[in-house]
RNA sequence: GACCCUAUCGUCCAGUGGUCCAGGACACUCCCCUUUCACGGGAGUAACACGGGUUCGAAUCCCGUUAGGGUCGCCA
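Numbering (this note's numbering), first residue to last: 44 to 485.
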C-alpha cells in the first residue's frame with residue numbers, strides 16, 4: 044500500500060510556463076520533498092512543433108528559477124526514461140498490444156479507440172474526496188491517431204505506470220478525465236496511483252487565466268524582477284496555508300508542514316498586488332549580497348557600470364527600502380553611477396524654479412565645502428545651520444539639493460545620499476546645476 | 001445541454017456544532033513617523049450567496065436554488 048513516493052510534473056511545451064503549471068509543479072515538489080520521495084519531470088510533447096527546443100528550455104528555466112529542481116527526467120535522465128513522450132513509442136505499442144489481446148480496442152477511421160466498460164467509476168481523491176462518475180453515456184476515447192501519434196490520456200497513464208508514479212497531483216481540470224484514466228488502469232490490471240486534484244488559479248476577475256493575461260507566465264516575473272523565493276512563497280499561499288496567519292514562510296517550513304489534505308478545494312484568484320507586496324518584503328529581508336546578486340542583471344541590462352562593488356553595496360542599501368521589484372533598481376540608482384543624469388522637468392520647475400533657489404544652492408555648496416567629515420549627520424547639521432542663518436526652513440535647501448545632485452524629486456534620504464555620493468560628486472554637481480540653470484533663467 | 005467540483009471581507013487565507021455580532025494578510029481610507037518617496041507603527045471600511053431542514057445551538061452537518069469553475073477532442 045505504501046509505495047515509495049514518486050510524483051511527476053508533466054507539462055507540454057507550449058512556449059511558456061503558466062503560473063498554474065508552476066504551482067502544480069511546486070505542490071508536487073513539496074509533496075516529494077516532504078516525503079523524501081522523487082520528483083519527476085516528464086515532457087508531454089506528443090505533438091511535435093518546431094519551437095519545441097526553446098519551449099522545453101523555457102520550462103526548465105522557469106522551474107529552476109523557482110528552485111524546483113527535479114530528480115529525474117527533463118534534461119537529467121533517470122532509470123525510467125526516456126522522459127519525453129515522443130521517444131516512448133515502443134512502450135506505447137507494447138501497452139496497445141495488451142489492450143488488443145483483450146479485445147478492448149477497435150479501429151475507427153484509422154484511429155484506435157478504447158472500448159469503455161461503461162461502468163461507474165469512483166475516484167477517491169486526496170483533495171476532492173470520493174467522486175463518482177456515471178460512464179454509461181460516455182463515448183469511447185481515442186488513444187491513437189491515424190498518423191500513429193498517441194493521445195494524452197493513453198500516454199499519460201502508460202507513463203505513470205512505467206515511471207512508478209505513486210501520486211498524481213495535477214490541476215482540477217483533469218478530475219473528470221480521471222475516470223477515463225482509471226478505466227485504462229483497470230484494463231492494464233494495474234493499481235491506479237493516488238490522485239490529488241488541485242483547484243485552479245483564476246484571474247482577479249474570476250475568469251480562467253490564459254496565456255495573454257497579466258502575470259500568467261512565469262517568464263513575466265523573471266523579467267519584471269521578482270525574487271524567485273517571493274513568487275514561490277506567494278504560490279504556496281494559493282490554496283495552501285500554514286494555518287497560523289503567516290504570509291512569509293521559509294520554504295523548509297512549507298516542506299515540513301505540507302500535506303495534501305490541507306489544500307483548499309476552491310479555485311483561487313491570482314492577486315498580483317499581494318505578490319508584489321510579498322516581493323517587497325523579501326527584498327528588504329534578504330541579505331545585501333543576495334539583493335545585489337539579483338539586482339546585477341537589471342543593472343547590466345540598463346547599461347549601468349558598477350566597477351566598485353563596495354560603492355554599489357552602499358548605494359543598494361539606500362534604495363533597498365524603497366523598491367518592490369529588481370526591475371526598478373536601475374532607475375533608482377543610475378545617477379549614482381553617471382554624471383550624465385537627466386533632470387526631471389517637473390522636479391526642476393518645482394524645486395529650482397522658486398525664487399532664490401539657486402542662491403541657496405550656492406550657500407549650501409559653500410557650507411558643504413567647509414565640512415571636514417563627509418558624513419550624513421555632519422551634512423545634516425551643515426544644511427540646517429545654513430537654513431537657520433538664512434531664516435528659512437530646511438526644506439528650502441533640501442529639495443533644490445536633491446534635484447541638483449540626482450535630477451529628480453524622489454529618492455533616498457538626502458543626507459545619506461550625499462554621504463554615499465561623496466564630496467567630489469556632490470560639490471561638482473551643485474556647481475554644475477547652479478551654472479546650468481542660471482544660464483537657462485529658470 | 002449532460003456530468004463533476006466549488007461557494008467566509010474586492011482578493012488570498014483562518015475558522016471543521018457553542019469560546020465568531022467571524023480572525024490575519026493584500027488593496028483602500030485616515031493618523032503617526034519622515035520637510036522627498038518609501039519602510040515602519042496605529043486606526044478604520046468590508047464577508048459567512050440564497051432558501052429550506054437537522055440541532056438546545058450552525059459559517060461549520062443535510063437538501064434545494066443560484067452563481068462561478070471544470071470536463072464532455074483524432075488538445076494536453
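Every residue, glycine too, gets a C-beta built ideally from N, C-alpha and C.
Sheet register partners of residue 241 (DSSP bridge): BP columns for residue 241 point to 214.
Cβ neighbour criterion (16 or more within 10 Å) applied to residue 97: The residue is exposed, with fewer than 16 neighbouring Cβ atoms inside 10 Å.
Rounded straight-line distance, which links the Cα of residue 259 to that of residue 178: Rounded to the nearest angstrom, the two C-alpha atoms are 34 angstroms apart.
Own chain, CB closer than 7 angstroms to residue 418, minus 5 neighbours either side, in chain order: Cβ within range, chain order: 462.
Supposed contact pair residue 63 and residue 54 - C-beta distance, whole angstroms, cut 8 angstroms: Separation of the CB atoms of residue 54 and residue 63 is rounded to 10 angstroms, and the pair is thereby denied contact status at 8 angstroms.
Alpha-carbon to alpha-carbon, residue 72 and residue 154: In a straight line, the C-alpha of residue 154 is about 36 angstroms away from that of residue 72.
Opposing strand residues paired with residue 86 [DSSP bridges]: Answer is 127.
Any 3 or more C-beta pairs closer than 8 angstroms across the stretch 293 to 304 and the stretch 331 to 343: Two segments are said to touch when three or more pairs of C-beta atoms, one from each, lie closer than 8 angstroms; by this definition the stretch 293 to 304 does not touch the stretch 331 to 343.
C-beta contact flag for residue 106 and residue 68 at 8 angstroms: Result yes, Cβ atoms of residue 106 and residue 68 sit closer than 8 angstroms.
Beta-bridge partners of residue 156, as assigned by DSSP: Answer is 149, 185, bridged to residue 156.
C-alpha distance - residue 158 paired with residue 148, whole-angstrom precision: One C-alpha to the other measures close to 5 angstroms.
8 angstroms CB neighbourhood of residue 377 in its chain, flanking five on each side removed: The beta carbon of residue 377 lies closer than 8 angstroms to those of 345, 347, 384 in the same chain, with the five residues before and after it left out.
Exposure label - residue 110; buried when at least 16 CB within 10 Å: Per the 10 Å Cβ criterion, exposed.
Segments assigned alpha helix (DSSP H), at least 4 residues, entirely inside the stretch 228 to 276: Annotation note: the stretch 228 to 276 contains the following uninterrupted alpha helix (DSSP H) runs of length 4 or greater, listed N- to C-terminal: 261 to 267.
Reduced DSSP secondary structure (H/G/I, E/B, other) of residue 104: Residue 104 falls in the helix class under three-state DSSP.
Pair within 8 angstroms by beta-carbon distance, residue 144 and residue 184: Contact flag unset, no.
Nearest-angstrom Cα separation, counted from residue 95 out to residue 263: Roughly 20 angstroms separates the two Cα atoms.
Residue 233 burial status per 10 Å Cβ neighbour count (16 or more: buried): When all chains shown are included, residue 233 counts as exposed.
Assigned secondary structure, residue 417 (DSSP; H/G/I helix, E/B strand, else coil): If DSSP states are grouped into helix, strand and coil, residue 417 belongs with coil.
Distance between residue 466 and residue 414 (C-alpha atoms, nearest Å): Between residue 414 and residue 466, the C-alpha separation is close to 9 angstroms.
CB-CB length for residue 363 against residue 327, believed under 8 angstroms: Between residue 363 and residue 327 the beta-carbon gap is near 6 angstroms, inside 8 angstroms, which marks them as a contact.
Residue 62 - partner residues in DSSP beta bridges: DSSP, once it has assigned bridges, lists no residue as partnering residue 62.
In chain order, each alpha helix (DSSP H) run of at least 4 residues that lies wholly inside the stretch 274 to 309: DSSP runs (the alpha helix (DSSP H)) wholly in the stretch 274 to 309: 294 to 300.
C-alpha distance - residue 124 paired with residue 464, whole-angstrom precision: If you draw a straight line from the Cα of residue 124 to the Cα of residue 464, it is about 57 angstroms long.
Distance, residue 441 Cα to residue 432 Cα: When rounded, the distance between both Cα atoms is 15 angstroms.
Limits of the unbroken alpha helix (DSSP H) element including residue 438: Run containing residue 438: 438 to 449, per the alpha helix (DSSP H) assignment.
Own chain partners of residue 163 with C-beta closer than 7 angstroms, once the 5 adjacent residues on each side are dropped: A distance below 7 angstroms between beta-carbons, with the five flanking residues on each side excluded, links residue 163 to the following residues of its chain, in chain order: 175, 176, 177, 178.
Chain-order list of residues whose beta-carbon lies under 6 angstroms from that of residue 275 (same chain, five-residue window excluded): Taken in chain order, the residues that qualify are 109.
Spatial distance of residue 222 from residue 211 (CA atoms): The alpha-carbon atoms of residue 222 and residue 211 are separated by roughly 13 angstroms.
Rounded C-alpha distance that separates residue 193 from residue 139: In a straight line, the C-alpha of residue 193 is about 10 angstroms away from that of residue 139.
Cβ neighbour criterion (16 or more within 10 Å) applied to residue 312: Result: exposed.
Buried versus exposed call for residue 252 [16 or more other C-beta atoms within 10 Å across all chains shown]: Looking at its Cβ environment, which holds 16 or more other Cβ atoms inside 10 Å, residue 252 is buried.
Whether residue 136 touches residue 88 by CB criterion (8 angstroms): Their beta carbons are not under 8 angstroms apart, which means residue 136 does not touch residue 88 by this criterion.
Exposure label - residue 286; buried when at least 16 CB within 10 Å: Classification of residue 286: exposed, given that the 10 Å Cβ count is below 16.
Cutoff 6 angstroms; reference residue 485; Cβ partners in own chain excluding five residues on either side: A caution first: residue 485 carries a pLDDT of 46, below 50, which makes its placement in the model unreliable, though a value can still be read off. Within the same chain, residue 485 has close Cβ partners 395, 396.
Top-ranked residue by Cα proximity to residue 142, from 113, 120, 129, 227: Ranked by how close their Cα comes to the Cα of residue 142, the residues 113, 120, 129, 227 have 227 in first place.
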